[in-house]
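Heads up: the structure comes next, in structure tokens.
There are 2 protein chains.
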Amino acid sequence: MNDADDLPLSPVSEPGEVGLVAPSDFVSKEPFVCDSGQVLPGYTLRYETYGRLNAARDNAILICHALSGDHHCAGIHSLSDRKPGWWNNLIGPGKPVDTHRYFVLCANVIGGCQGSSGPASINPATGRAYGIAFPGVTIRDMVRSQYRWLQSLGVTALHAVIGGSMGGMQALQWAIEYPGFVRRVVAMATTARESAQGIAFNEVGRQAILQDPGWNGGDYPRQGGPRVGLAIARMMAHITYLSDAGLDRKFGRRRRAVTTPAANATAEPAASDATGASAVEGAGTAPGFASFEFEIERYLRHQGQSFINRFDANSYLYITRAIDSFDLAGEGSLEQAFAPVQAESLIVGFTSDWLFPPEQNRDIALALLRAGKRSSYAELNTDLGHDSFLLESPQLYDLVRGFLR
Amino acid sequence: MNDADDLPLSPVSEPGEVGLVAPSDFVSKEPFVCDSGQVLPGYTLRYETYGRLNAARDNAILICHALSGDHHCAGIHSLSDRKPGWWNNLIGPGKPVDTHRYFVLCANVIGGCQGSSGPASINPATGRAYGIAFPGVTIRDMVRSQYRWLQSLGVTALHAVIGGSMGGMQALQWAIEYPGFVRRVVAMATTARESAQGIAFNEVGRQAILQDPGWNGGDYPRQGGPRVGLAIARMMAHITYLSDAGLDRKFGRRRRAVTTPAANATAEPAASDATGASAVEGAGTAPGFASFEFEIERYLRHQGQSFINRFDANSYLYITRAIDSFDLAGEGSLEQAFAPVQAESLIVGFTSDWLFPPEQNRDIALALLRAGKRSSYAELNTDLGHDSFLLESPQLYDLVRGFLR
Numbered sequence: 022m023n024d025a026d027d028l029p030l031s032p033v034s035e036p037g038e039v040g041l042v043a044p045s046d047f048v049s050k051e052p053f054v055c056d057s058g059q060v061l062p063g064y065t066l067r068y069e070t071y072g073r074l075n076a077a078r079d080n081a082i083l084i085c086h087a088l089s090g091d092h093h094c095a096g097i098h099s100l101s102d103r104k105p106g107w108w109n110n111l112i113g114p115g116k117p118v119d120t121h122r123y124f125v126l127c128a129n130v131i132g133g134c135q136g137s138s139g140p141a142s143i144n145p146a147t148g149r150a151y152g153i154a155f156p157g158v159t160i161r162d163m164v165r166s167q168y169r170w171l172q173s174l175g176v177t178a179l180h181a182v183i184g185g186s187m188g189g190m191q192a193l194q195w196a197i198e199y200p201g202f203v204r205r206v207v208a209m210a211t212t213a214r215e216s217a218q219g220i221a222f223n224e225v226g227r228q229a230i231l232q233d234p235g236w237n238g239g240d241y242p243r244q245g246g247p248r249v250g251l252a253i254a255r256m257m258a259h260i261t262y263l264s265d266a267g268l269d270r271k272f273g274r275r276r277r278a279v280t281t282p283a284a285n286a287t288a289e290p291a292a293s294d295a296t297g298a299s300a301v302e303g304a305g306t307a308p309g310f311a312s313f314e315f316e317i318e319r320y321l322r323h324q325g326q327s328f329i330n331r332f333d334a335n336s337y338l339y340i341t342r343a344i345d346s347f348d349l350a351g352e353g354s355l356e357q358a359f360a361p362v363q364a365e366s367l368i369v370g371f372t373s374d375w376l377f378p379p380e381q382n383r384d385i386a387l388a389l390l391r392a393g394k395r396s397s398y399a400e401l402n403t404d405l406g407h408d409s410f411l412l413e414s415p416q417l418y419d420l421v422r423g424f425l426r
Numbered sequence: 022m023n024d025a026d027d028l029p030l031s032p033v034s035e036p037g038e039v040g041l042v043a044p045s046d047f048v049s050k051e052p053f054v055c056d057s058g059q060v061l062p063g064y065t066l067r068y069e070t071y072g073r074l075n076a077a078r079d080n081a082i083l084i085c086h087a088l089s090g091d092h093h094c095a096g097i098h099s100l101s102d103r104k105p106g107w108w109n110n111l112i113g114p115g116k117p118v119d120t121h122r123y124f125v126l127c128a129n130v131i132g133g134c135q136g137s138s139g140p141a142s143i144n145p146a147t148g149r150a151y152g153i154a155f156p157g158v159t160i161r162d163m164v165r166s167q168y169r170w171l172q173s174l175g176v177t178a179l180h181a182v183i184g185g186s187m188g189g190m191q192a193l194q195w196a197i198e199y200p201g202f203v204r205r206v207v208a209m210a211t212t213a214r215e216s217a218q219g220i221a222f223n224e225v226g227r228q229a230i231l232q233d234p235g236w237n238g239g240d241y242p243r244q245g246g247p248r249v250g251l252a253i254a255r256m257m258a259h260i261t262y263l264s265d266a267g268l269d270r271k272f273g274r275r276r277r278a279v280t281t282p283a284a285n286a287t288a289e290p291a292a293s294d295a296t297g298a299s300a301v302e303g304a305g306t307a308p309g310f311a312s313f314e315f316e317i318e319r320y321l322r323h324q325g326q327s328f329i330n331r332f333d334a335n336s337y338l339y340i341t342r343a344i345d346s347f348d349l350a351g352e353g354s355l356e357q358a359f360a361p362v363q364a365e366s367l368i369v370g371f372t373s374d375w376l377f378p379p380e381q382n383r384d385i386a387l388a389l390l391r392a393g394k395r396s397s398y399a400e401l402n403t404d405l406g407h408d409s410f411l412l413e414s415p416q417l418y419d420l421v422r423g424f425l426r
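First to last, the protein sequences are chains A and C.
Under our numbering, the first sequence has 125 at position 104, and the numbering climbs by one with no breaks.
Under our numbering, the second sequence has 341 at position 320, and the numbering climbs by one with no breaks.
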């Protein structure tokens with residue numbers, strides 16, 4: 022059945038690597054009407070592909086990324102890269118998403134900041150960055166903007182759409198929006214509607230950004246802006262991607278004395294541009310509340326710090342808002358929403374994921390079944406929280422490999 | 022057995038109110054050596070009492086408050102008070118903590134900001150607020166500073182110590198520190214050691230404060246300071262006090278359009294002193310990411326806003342640090358830590374509490390039992406999260422009433 026069955030196969034026991042890859046840009050010069058009614062005069066999507074489109078043009082697998090992800094999901098950009106793409110463990114020759122068999126694609130979402138059109142892009146009407154003049158975007162806007170791109174590449178059908186978290190939202194939206202185009206959906210660690218708690222966490226992150234003087238109404242220089250607010254937002258969000266048990270196993274209560282003044286506020290050298298903390302330097306002794314620090318604290322600060330060097334604060338506002346807005350059922354039922362779906366689907370929940378808990382994933386599969394669709398639900402036991410979908414998991418690999426065949 | 026058995030009883034079906042109360046100050050002029058080794062030349066504890074100490078001086082029940090609580094746990098301060106003390110539903114004539122029977126006491130913790138000595142208090146050495154020169158405090162420091170106060174009142178034994186969350190930590194510490202003094206312990210929604218996840222959330226809140234330019238090394242005017250950072254810290258913490266299910270039930274995804282520019286950043290009138298957001302005003306339209314707002318967002322911003330009007334940011338740093346430091350077992354076992362305990366105990370966990378989950382509460386009771394102590398564990402079904410211990414609960418009332426008799 023699989024059109025790529027005649028392609029060479031790597032031995033499963035020794036999966037290879039995608040290797041060196043380079044991104045490309047899809048540029049649409051046609052206007053794009055967002056769900057909000059606002060119109061972009063055109064847009065760019067930065068993307069990567071791995072493997073080759075077959076003659077029938079139907080062996081394509083679309084990967085959809087999560088909030089802080091991008092188009093670079095496998096391979097390396099240069100031989101000196103320390104880290105490969107974010108889903109490199111899943112994608113490659115002989116891996117579950119087998120680039121010998123499939124033509125794998127991934128694009129940075131619209132509203133993003135890694136090369137696709139977003140608030141940091143130049144507004145042709147002003148010659149300056151859009152900032153908050155960029156239209157609000159939805160998960161459906163992400164999907165529709167990618168459809169135009171796939172058409173331009175000559176893809177006639179998607180063998181599968183695969184995503185976790187916000188990527189899973191896109192995968193479900195794909196199956197509803199383009200039913201004849203999508204044959205399989207793998208959605209993991211996701212939800213059919215963002216919960217009040219999810220919105221609440223996103224809102225705290227947004228307020229940290231909006232209330233940072235550096236935000237300046239969304240008008241800030243590319244390397245500047247609300248760096249403190251964005252770091253705070255990321256630190257908090259990062260906790261929601263992990264789990265109590267996982268953090269206890271990894272960090273526990275390991276701590277060490279702080280000898281430099283207020284070192285716990287300025288431990289990361291790159292944080293030196295952060296305001297506020299400098300006022301403590303030179304006080305001579307660590308303040309009473311900060312004579313030691315826990316390893317988990319250092320780790321979190323590092324997460325916040327590295328995020329602000331790669332992410333745009335306005336994009337963070339826009340993309341979290343797209344997530345908040347996501348509600349497939351709307352005023353109706355989820356079964357009704359899934360009525361057009363033709364794809365078969367694999368929905369995967371992770372026991373320790375408390376951001377998009379197993380029940381929310383199971384509810385998706387149940388609604389698909391009630392709507393008369395082919396759907397399976399798998400629940401994997403992990404203590405790694407929401408991020409489980411990104412991590413080494415032979416169980417997950419077997420599920421995905423089997424489902425894609 | 023109960024020394025207060027001869028006191029008049031209100032009918033249980035019609036519990037009365039404590040009524041008008043006024044706080045008092047205990048002032049110790051003796052030096053107080055903190056666990057850190059740092060010495061306070063003296064300290065003040067602001068407290069309230071309800072009911073009367075009996076002739077045997079052993080009908081006292083000490084209430085210990087949580088992170089954002091204070092000494093005002095029952096009654097009202099004036100007839101125009103809209104809200105009574107924070108545990109008024111539990112404490113009063115004929116209520117589970119029956120002020121006809123018991124002499125109920127509660128003090129603001131050391132390091133706090135509601136009248137007890139803390140970073141906002143005047144440092145006699147400088148004539149200015151301590152700020153970060155205040156010694157770091159621990160849960161044990163809170164307990165030891167309160168012991169001196171109880172002695173000054175002539176209390177010879179505690180019929181019970183009762184607390185939830187950080188109050189539960191103090192209650193457990195009381196039983197270890199003063200075994201002959203404490204007859205009963207009720208600890209709810211608490212833990213014997215702060216987990217890595219708990220430390221992580223506290224650290225995000227602290228960083229939001231420390232990185233706010235208004236923090237200024239801890240040196241700020243009483244009504245000023247890092248108001249934005251403190252509001253962000255509180256908004257985030259508030260989510261951890263609730264639950265996914267509870268928030269969905271209370272707020273769901275209810276939303277409304279935003280018509281005023283960037284209203285979602287400045288919805289609370291009192292937030293007008295917040296920096297950053299003002300830059301959006303006058304932009305003419307709501308930005309693309311903010312054309313509507315969810316009710317949960319408005320609610321959270323209100324929580325942040327009202328907190329900064331009643332809490333000191335430096336105290337927030339100190340008290341969260343005391344919580345992080347809390348680890349009864351330390352390098353040993355929890356059974357060993359509980360070895361001195363003479364009190365019998367009731368430990369209560371709440372199913373939807375994910376900040377101090379049921380298992381962490383059950384582990385306390387199990388360790389007490391393994392150490393040969395009398396201890397009971399009760400787990401109450403709620404969907405209200407960590408804050409369940411503060412809320413109306415006939416089940417909890419029955420447990421507490423029965424245990425205290």
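Even glycine gets a Cβ: it sits at the ideal position worked out from N, Cα and C.
Extent of the continuous beta strand (DSSP E) to which residue i belongs
| i | result |
| --- | --- |
| A/Ser346 | First-last for A/Ser346: 334 to 346, but that is the alpha helix (DSSP H), not the beta strand (DSSP E). |
| C/Tyr71 | 64 to 71 |
| C/Ile97 | Per DSSP, C/Ile97 belongs to no beta strand (DSSP E) and is neither H nor E. |
| C/Ala12 | As displayed, chain C neither begins before 22 nor continues past 426, which places residue 12 of chain C out of reach and without an answer. |
| A/Asn387 | Checking the sequence, you will find Leu at residue 387 of chain A rather than Asn. Careful: A/Leu387 lies outside any beta strand (DSSP E), inside the alpha helix (DSSP H) at 379 to 391. |
| A/Tyr398 | 396 to 401 |
Three-state secondary structure (DSSP) of residue i
| i | result |
| --- | --- |
| C/His180 | strand |
| A/Ala278 | strand |
| A/Gly185 | strand |
| A/Val362 | coil |
| A/Val118 | strand |
| A/Tyr199 | coil |
| C/Asp408 | helix |
| C/Ser354 | coil |
| A/Phe272 | coil |
| A/Phe313 | strand |
| C/Asp240 | coil |
| C/Asn75 | coil |
| A/Ala150 | strand |
| C/Leu41 | strand |
For residue i, the first and last residue of its enclosing alpha helix (DSSP H)
| i | result |
| --- | --- |
| C/Asp419 | 415 to 425 |
| A/Arg255 | 248 to 261 |
| C/Val164 | 160 to 173 |
| C/Val225 | 217 to 231 |
| C/Arg433 | The requested residue 433 of chain C is not part of the displayed model; chain C covers only 22 to 426. |
Nearest-angstrom Cβ-Cβ length linking residue i and residue j, presumed shorter than 8 Å
| i | j | result |
| --- | --- | --- |
| A/Tyr262 | A/Leu376 | 7 Å |
| A/Val125 | A/Ile84 | 6 Å |
With 16 other Cβ atoms within 10 Å as the buried cut-off, status of residue i
| i | result |
| --- | --- |
| A/Leu30 | At A/Leu30, the pLDDT of 46 sits below 50, so the modelled position is not reliable; the number obtained from the coordinates is stated separately. The residue is exposed, with fewer than 16 neighbouring Cβ atoms inside 10 Å. |
| A/Gly239 | buried |
| A/Gly58 | exposed |
| A/Leu412 | exposed |
| C/Lys394 | buried |
| A/Thr147 | exposed |
Beta-carbon neighbours of residue i, restricted to chain E and to distances below 7 Å
| i | result |
| --- | --- |
| A/Pro52 | No chain E is present in this structure, whose protein chains are A and C. |
- Query: Between the segment 180 to 197 of chain C and the segment 220 to 240 of chain A, do at least 3 Cβ pairs fall closer than 8 Å?
  - Reply: no
- Taking contact to mean at least 3 C-beta pairs separated by less than 8 Å, is the segment 166 to 177 of chain A in contact with the segment 87 to 102 of chain A? The segment 166 to 177 of chain A, when compared against the segment 87 to 102 of chain A, does not touch it at the 8 Å Cβ threshold.
- Query: For the segment 327 to 337 of chain C against the segment 152 to 170 of chain A, are there 3 or more C-beta pairs whose distance is under 8 Å?
  - Reply: Output reads no: the segment 152 to 170 of chain A does not touch the segment 327 to 337 of chain C.
- Touching by the beta-carbon criterion (3+ pairs, under 8 Å), the segment 359 to 370 of chain C and the segment 129 to 144 of chain C: no
- Item | Meets three-Cβ-pair contact criterion under 8 Å: the segment 210 to 223 of chain C and the segment 267 to 277 of chain A | yes
- Would you be able to state if there are at least three C-beta pairs under 8 Å between the segment 413 to 424 of chain A and the segment 114 to 121 of chain A? Segments in contact, yes.
- Okay, do the segment 204 to 212 of chain C and the segment 199 to 217 of chain A touch, 3+ Cβ pairs below 8 Å being the bar? no
- Item | Validate contact between the segment 132 to 143 of chain A and the segment 339 to 346 of chain A using beta carbons, cut 8 Å, 3 pairs | yes
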